[in-house]
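Working notes, structure below.
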Amino acid sequence: MSAGPGLDVPDHRGRTGLDRAGRDLDRNPDVVVRDVELTSQGWHVLRRTTYDYRRRDGRWETQQRETYDRGNGAVVLPYDAERGCVLLTRQFRYPAYVNDHPDGMLVEAAAGLLDDDAPQAAVRREAAEELGVELGPLTHVLDAYMSPGSVTERLHFYAAPYTPADRTGSGGGLAEEGEDIEVLELPFTEALAMVGDGRIADGKTVLLLQWAALHGPFSPTAPR
Numbered sequence: 002m003s004a005g006p007g008l009d010v011p012d013h014r015g016r017t018g019l020d021r022a023g024r025d026l027d028r029n030p031d032v033v034v035r036d037v038e039l040t041s042q043g044w045h046v047l048r049r050t051t052y053d054y055r056r057r058d059g060r061w062e063t064q065q066r067e068t069y070d071r072g073n074g075a076v077v078l079p080y081d082a083e084r085g086c087v088l089l090t091r092q093f094r095y096p097a098y099v100n101d102h103p104d105g106m107l108v109e110a111a112a113g114l115l116d117d118d119a120p121q122a123a124v125r126r127e128a129a130e131e132l133g134v135e136l137g138p139l140t141h142v143l144d145a146y147m148s149p150g151s152v153t154e155r156l157h158f159y160a161a162p163y164t165p166a167d168r169t170g171s172g173g174g175l176a177e178e179g180e181d182i183e184v185l186e187l188p189f190t191e192a193l194a195m196v197g198d199g200r201i202a203d204g205k206t207v208l209l210l211q212w213a214a215l216h217g218p219f220s221p222t223a224p225r
């Protein structure tokens, strides 16, 4: 095994064994992991994995894939069904800006990495930090891999009611983490229209808004 920070000695986040991820996988008999190489480590981790893969015709071939490991996350759509509103955020996203978004200012549902929290705790934390709202009962919508070709993250989706009285803080995110988040309270009909005309182009937010329209609090069959 190679030596260095994040391998046999702690890196800047106290992590070791970062090249071990995936080496013991055996759930799929058609995949045999041969080697895992740590290619980059900042706040998150980039690995190159070599494995043997048995194709559908029975032939084995050796493949390599790079995976970006940033941990798992959770996202929540707070809604006020009585007033017909949802709470969203607007913030600058450089990866979108560098990939043709007009100004990089994305409208999104509040989300964050789990870190050491359970998904339910994480969404309540992010709602308080980003939106300044205390959420009501959480509804688990689904879990999804958002970019499975390269990113390992599994995202846990939730929705939760709120009232004006639950907006107990200013939100805006954590300045010490470089966050500068605008809180948007929008009519649900407008938010859904923003999906249609491209003003909302964030995948997790599109999914939650469409769920809310089809099966959630704003669906035709939802209690009124």
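Here our numbering is used: the first residue of the sequence shown is 2, the next is one more, and so on.
Using N, Cα and C, we set each Cβ at its ideal position, and we do this for glycine too.
For clarity, every value in this text was computed on a predicted model and none was experimentally measured.
(request) Pick helix, strand or coil for Ala145, following the three-state DSSP scheme. (result) Strand, per DSSP.
(message) Using a 10 Å radius around the Cβ and a threshold of 16 neighbouring Cβ atoms, would you call Thr222 buried or exposed?
(response) Flag for Thr222 reads exposed.
(request) Would you list the one or two residues that DSSP bridges to Gly105? (result) Gly105 is not bridged to any residue.
(message) Assuming contact is defined by CB atoms lying nearer than 8 angstroms, are Leu47 and Gly7 in contact in what I supplied?
(response) Contact: no.
(request) Tell whether a beta-carbon distance below 8 angstroms holds between Val37 and Ala22. (result) yes
(request) Starting from Leu208, follow the alpha helix (DSSP H) in both directions and report where the run begins and ends. (result) Gly204 to Leu215
(message) Quick check: what's the CA-CA separation for His1 versus Thr206?
(response) Here the chain covers residues 2 to 225 and nothing more, so residue 1 does not appear.
(message) Using only the alpha-carbon positions, how far apart do Leu115 and Thr190 sit?
(response) Between the alpha carbons of Leu115 and Thr190 lies a gap of roughly 30 angstroms.
(message) Using a 10 Å radius around the Cβ and a threshold of 16 neighbouring Cβ atoms, would you call Trp44 buried or exposed?
(response) exposed
(message) Comparing C-alpha positions only, which one of Ala213, Gly174, Ile201 and Leu210 sits nearest to Ala97?
(response) Ile201
(request) Go ahead and pull the three-state DSSP assignment for Asp167. (result) helix
(message) What would DSSP say about Glu131, mapped onto helix, strand or coil?
(response) Correct three-state label for Glu131: helix.
(message) Which complete beta strand (DSSP E) runs does the stretch 63-115 hold, if anything under 3 residues is left out?
(response) 74-81, 86-93, 106-109 and 111-114
(request) Confirm, please, whether the CB-CB distance from Leu139 to Tyr163 is below 8 angstroms. (result) no
(message) Between Val142, Glu186, Gln42 and Ala214, which has its C-alpha nearest Arg14's C-alpha?
(response) Gln42
(message) Nearest by alpha-carbon distance to Asp144: which of Ser151, Arg155 and Glu135 is it?
(response) Arg155
(message) Going by beta-carbon coordinates alone, are Glu135 and Ala111 separated by less than 8 angstroms?
(response) Taking 8 angstroms as the Cβ cut-off, Glu135 and Ala111 do not qualify as a contacting pair.
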